[in-house]
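Protein chains in written order, with our numbering: chain A, 7 to 292; chain B, 4 to 251; chain C, 15 to 339.
Where a beta carbon is used, it is the ideal one built from N, C-alpha and C, also for glycine.
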Amino acid sequence: MQEVAVYFLHGLAYAGLLFLVSSGLTLVFGMMNVLNFAHASFYMLGAYFAYSLLVYTGNFWLALVVSPMALFVLGALVERFLLRKVHELGHLHELLLTFGLAYIIQEGVKWLWGTNPQAMAIPSFLAEGVNIFGVTYPVYRLFVFGLAVALGLLMALALYTTRVGIIVRAAVDDHDMVSALGIRVPLVFMGVFAFGAALSGFAGVIAGPLLTVFPGMAHTILVDAFVVIVVGGMGSLGGAVLASFIIGELQSFGVILFPKFSLALIYMLMALVLVVRPEGLFGERQ
Amino acid sequence: MAILEIRDIFKDFDGLRVLTGISLSVEERERFAVIGPNGAGKTTLFNIVSGKFRPSSGTVMYDGDEITRAPMHQRNRRGLSRSFQITNVFQNLSVFDNVLAGVCSHAGLRYNLLRRPHRNQSLCRRTEEILEEVGLWEFRQTLARELAYGQQRALELAITLSTEPRLVLLDEPTAGMSRQETEEAIRMVRRVTERMACMIIEHDMNVVFSLAERIAVLHYGMILACGRPEDIRQDQRVKDAYLGEQGS
Amino acid sequence: MKGKGSLLRWFWPLVAVAVLVALPAILPRYQLRLVNEALIFSLFAVSYNLLLGYAGLLSFGHAMFFGVGAYTTGLLAGKGAAMPFFGALALATLVTTLVGFAVGVLLLRVRGTPFALLTLAFNALFYAIAIKWSDLTGGDDGLKLFRPAIDVGITQLNTNAHSVFYYITLLVVGVTLLYCWYFTRTSMGRTVLLMRENEERLRFVGYNTSVSRLILFTFTGSLAGMAGSFYALFFSFVSLEAISIDMTTRVLLMTFIGGTGHFLGPVLGAGVYIYLQDFLSDLTDRWPLIMGVLFILIVLFAPGGLSGIIRSATGFFVRQDNAKG
Numbered sequence: 007m008q009e010v011a012v013y014f015l016h017g018l019a020y021a022g023l024l025f026l027v028s029s030g031l032t033l034v035f036g037m038m039n040v041l042n043f044a045h046a047s048f049y050m051l052g053a054y055f056a057y058s059l060l061v062y063t064g065n066f067w068l069a070l071v072v073s074p075m076a077l078f079v080l081g082a083l084v085e086r087f088l089l090r091k092v093h094e095l096g097h098l099h100e101l102l103l104t105f106g107l108a109y110i111i112q113e114g115v116k117w118l119w120g121t122n123p124q125a126m127a128i129p130s131f132l133a134e135g136v137n138i139f140g141v142t143y144p145v146y147r148l149f150v151f152g153l154a155v156a157l158g159l160l161m162a163l164a165l166y167t168t169r170v171g172i173i174v175r176a177a178v179d180d181h182d183m184v185s186a187l188g189i190r191v192p193l194v195f196m197g198v199f200a201f202g203a204a205l206s207g208f209a210g211v212i213a214g215p216l217l218t219v220f221p222g223m224a225h226t227i228l229v230d231a232f233v234v235i236v237v238g239g240m241g242s243l244g245g246a247v248l249a250s251f252i253i254g255e256l257q258s259f260g261v262i263l264f265p266k267f268s269l270a271l272i273y274m275l276m277a278l279v280l281v282v283r284p285e286g287l288f289g290e291r292q
Numbered sequence: 004m005a006i007l008e009i010r011d012i013f014k015d016f017d018g019l020r021v022l023t024g025i026s027l028s029v030e031e032r033e034r035f036a037v038i039g040p041n042g043a044g045k046t047t048l049f050n051i052v053s054g055k056f057r058p059s060s061g062t063v064m065y066d067g068d069e070i071t072r073a074p075m076h077q078r079n080r081r082g083l084s085r086s087f088q089i090t091n092v093f094q095n096l097s098v099f100d101n102v103l104a105g106v107c108s109h110a111g112l113r114y115n116l117l118r119r120p121h122r123n124q125s126l127c128r129r130t131e132e133i134l135e136e137v138g139l140w141e142f143r144q145t146l147a148r149e150l151a152y153g154q155q156r157a158l159e160l161a162i163t164l165s166t167e168p169r170l171v172l173l174d175e176p177t178a179g180m181s182r183q184e185t186e187e188a189i190r191m192v193r194r195v196t197e198r199m200a201c202m203i204i205e206h207d208m209n210v211v212f213s214l215a216e217r218i219a220v221l222h223y224g225m226i227l228a229c230g231r232p233e234d235i236r237q238d239q240r241v242k243d244a245y246l247g248e249q250g251s
Numbered sequence: 015m016k017g018k019g020s021l022l023r024w025f026w027p028l029v030a031v032a033v034l035v036a037l038p039a040i041l042p043r044y045q046l047r048l049v050n051e052a053l054i055f056s057l058f059a060v061s062y063n064l065l066l067g068y069a070g071l072l073s074f075g076h077a078m079f080f081g082v083g084a085y086t087t088g089l090l091a092g093k094g095a096a097m098p099f100f101g102a103l104a105l106a107t108l109v110t111t112l113v114g115f116a117v118g119v120l121l122l123r124v125r126g127t128p129f130a131l132l133t134l135a136f137n138a139l140f141y142a143i144a145i146k147w148s149d150l151t152g153g154d155d156g157l158k159l160f161r162p163a164i165d166v167g168i169t170q171l172n173t174n175a176h177s178v179f180y181y182i183t184l185l186v187v188g189v190t191l192l193y194c195w196y197f198t199r200t201s202m203g204r205t206v207l208l209m210r211e212n213e214e215r216l217r218f219v220g221y222n223t224s225v226s227r228l229i230l231f232t233f234t235g236s237l238a239g240m241a242g243s244f245y246a247l248f249f250s251f252v253s254l255e256a257i258s259i260d261m262t263t264r265v266l267l268m269t270f271i272g273g274t275g276h277f278l279g280p281v282l283g284a285g286v287y288i289y290l291q292d293f294l295s296d297l298t299d300r301w302p303l304i305m306g307v308l309f310i311l312i313v314l315f316a317p318g319g320l321s322g323i324i325r326s327a328t329g330f331f332v333r334q335d336n337a338k339g
């Protein structure tokens, strides 16, 4: 029973990370109809930037703040100069671009930081354990989950109460309409894309100490993020929340129940959803 | 015998009733117009007849056989063809290839792994005949996306004709055309649909009264009136609901 | 004029064939093996382009057919197996054809992004199965193959001789590629283009697009399977790499770099990729980065790929109204 509780909590932490990564992915897809293969690459870059900052400054909190900012800028640049250029050539080309970008970032990371995994130290006061269900559970994992929840609530607040948030939601819903209203849609796109990149990078920073920093980390979470947005519904934040939870727990329990097959299991779930109910849990039928 | 018979068609979309109890029939070689204000359900009716949608209830009979649930490609193979209000062609292929597609289909040449359509004399000749009929023969090598608007509408019609249909559904064939283009379009439609039954959705009353032998007026998903043009013109209900607002 | 033109059309292809046939006498063994590898991947890439350039379907799972072909061959030509050369090749291709059909059934109504994701999912599934069935597939260690000799009446051809294997590849792959080119002109080949342009309208002119989809998948799957079979025989070895997403990435890069707008684009791309890989990997471990940069540059500035660039510059590789870009 205790073990179940522990795995459950592990799943929560991973779900938190998944949510942070997939929320940006689903918003971008809903708004721009582009599936960004490089989204998890932003996550990985966030981790690597933080790792280097940590090595040079020793300050985790600095890394936590600066790294996402760097990703924000990078995301804006990618959207403005790469994605937009390829936009008129069609969806296929946008996919190819983001795919190529992910590939380059992957190789670039191997080139700049080497292929070996790097460890990131957890800040000392978060490295403790806390007593839950009679088990000493690492605080850091709760921290990860807590941060994800906090950011999720902040996003929800921003999306539903601020003017910018309403514009973003409208753009996700129907961007032709929004541009007809005179709102500078390209700016909104760039902003959301950059924000998504920053959020993804932020997830990478906090994932670093947990999962180690290695060149394959983009690919492992990309798969899961894809499944999350398909299951949750492309464009739906609420769907991303629920699906992140499901996938997070599935991964956590799946690794012990079906070790070699757990990856395939997740993919099969995605395939099933795509074939049976392509709009996902909360998505809208195209 | 009626080539098309629609009986009691109802169509609901997510709780919204779009068509209510539509019944009508089209005779062989008859030109039948369907008119009505925007949102009256005309295109939905076409979608049901051509197979894009299934009705919520009711039947569609073509040439004596029920086709209510038949897939689109089967309806076409029996001789039912449609055109689209928003040009729906094969953009990056030549005008020739656009029409050849249907000509081959009618000849049963669709998935053959050995025969080459471009080497088939009779198919190519038939394609060129159709292109001549709609006035696109000089543009046969032009890519569809490079055509002017009026020519695209002609191509739209040509593709519809390419499968040798016995019943064509023309969805606003003169949409977006100038006065002169419309006159030419009327002449062309009359000429090419001589041998077939023709059902037309139109907004331009000039076109309707030039072409139609019978008219059905659709209003909020119901048939308000159905009959010959002279009768429709006089019909008070129609005038109140529709023609009156338009002017004649 | 027409007579002269049609004779001229055959000139360059004949020259190319003559050169290819003469190569074992000209090139050293190592270079010959590179050409051989390029031929094999040409078939893989051409099959991929039938999906990408001709049908407009971006698949992230093409390696599953390649891998199935490779592994089936690995089992048929492995330790203790007694299957003849062409028998193994044919059977592997047949198995892959069935897989292609099955996958086609599942992907019948999907396009665009969902299609990309689903093919990615299937590829990953096949990869996971290959890992799980390590008794069959050899898992991380892979399978060793022994190239069967070929009986030609009085004598046997030693397929382990580089030139012999090269000529077999040239013959079989060459003829297959020739058919693929012919295919693009057949009724089915034209239907593939029509499907790319407007699948809905195609149905309205009487085509059952489910049938055409299935034929397309079965066909391209079997081609990729044949390529995979040759791959296994060529290296006398199969491993997880053959069925991995990395292999799909490789063929995607090859096809796109070569150019999706012409039939020979993928052939060019396969050749360039293999040579570049060979040349660069001597210089640096990070040659994939250079490939990636090349790929991105082409996506951004030359979406027609190398064949597109050559077309603008010299008028070769004239587009045969088949493709976008």
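The criterion of a C-beta distance shorter than 7 Å is not satisfied by L254 (chain C) and A77 (chain C). Annotation: A21 (chain A) to L165 (chain A) spans about 21 Å, alpha carbon to alpha carbon. Under the three-state reduction of DSSP output, T298 (chain C) falls in the coil class, being neither helix nor strand.
For H222 (chain B), the beta-bridge partners assigned by DSSP are B:M225. Three or more Cβ pairs drawn from the stretch 62-78 of chain C and the stretch 123-143 of chain C lie within less than 8 Å of each other, which places the two stretches in contact. Annotation: the continuous alpha helix (DSSP H) that includes I262 (chain A) extends over 243-263. By DSSP's assignment, P144 (chain A) forms a beta bridge with A:G135. The shortest C-alpha to C-alpha distance from P302 (chain C) to any of C:Q291, C:A91, C:P98, C:I310 is the one to C:Q291.
In this structure, L170 (chain B) keeps its C-beta atom at 7 Å or more from the C-beta atom of L22 (chain B).
Non-local C-beta neighbours of G244 (chain A) in its own chain, meaning closer than 6 Å and more than five positions away in sequence, comprise F288, ordered along the chain.
Contact between the stretch 176-191 of chain C and the stretch 46-58 of chain C is established, with three or more Cβ pairs separated by less than 8 Å.
Look at G82 (chain B): its C-beta is not under 7 Å from any C-beta on chain C. Rounded to the nearest whole angstrom, the CA to CA distance from T46 (chain B) to I89 (chain B) is 12 Å. At a cut-off of 7 Å between beta carbons, V313 (chain C) contacts chain A.
Nearest to T262 (chain C) by C-alpha distance, out of C:F25, C:W24, C:N50, C:F79, is C:F79. The beta carbon of S84 (chain B) sits closer than 6 Å to the beta carbons of T163, T166, P168, V171 from its chain, once the five residues preceding and following it are set aside; these are given in chain order. A residue is called buried when at least 16 other Cβ atoms come within 10 angstroms of its Cβ; K93 (chain C) does not meet this threshold and is exposed. For Q170 (chain C), no alpha helix (DSSP H) segment is defined; the enclosing uninterrupted segment is the beta strand (DSSP E) at 169-171.
Taking 8 Å as the upper bound for CB-CB distance, V237 (chain A) and M276 (chain A) are in contact here, some 7 Å apart. When B:S108, B:F142, B:L117, B:E141 are compared, the shortest CA-CA separation from L126 (chain B) is found for B:S108. Among the CB atoms of chain B, none fall inside 7 Å of the CB of S177 (chain C). By the rule that beta-carbons nearer than 7 Å mark a contact, W119 (chain A) does not touch chain C. With respect to chain A, the C-beta atom of G306 (chain C) has a partner C-beta closer than 7 Å. Bridge partners of C201 (chain B) according to DSSP: B:R34, B:V171.
By the neighbour-count criterion, in which 16 or more other beta carbons inside 10 Å mark a residue as buried, D243 (chain B) falls on the exposed side. Excluding sequence positions up to five before and after F179 (chain C), its CB lies within less than 6 Å of the CB of T173, all in the same chain and listed in chain order.
Restricting attention to A:L278, A:A231, A:M223, the CA atom closest to the CA of Y109 (chain A) is found in A:M223. Between the alpha carbons of T111 (chain C) and L102 (chain A) lies a distance of about 27 Å. Burial is judged here by how many other beta carbons sit within 10 angstroms of a residue's own beta carbon; F100 (chain C) has fewer than 16 and is exposed. For S61 (chain C), the enclosing alpha helix (DSSP H) begins and ends at 43-63. Ranked by Cα distance from I212 (chain A), the first of A:A125, A:L118, A:G36 is A:A125.
Distances from the CA of H45 (chain A) to each of A:I227, A:P123, A:I272, A:G241 were compared; the closest alpha carbon is that of A:I227. Here S60 (chain B) carries a strand assignment [DSSP, helix/strand/coil].
At least one C-beta of chain B is nearer than 7 Å to the C-beta of L208 (chain C).
Residues of chain C whose Cβ lies closer than 7 Å to the Cβ of E113 (chain A) are, in chain order, R300, P302, L303, G306. The C-beta of E94 (chain A) has fewer than 16 other C-beta atoms within 10 Å across all chains shown, which makes the residue exposed.
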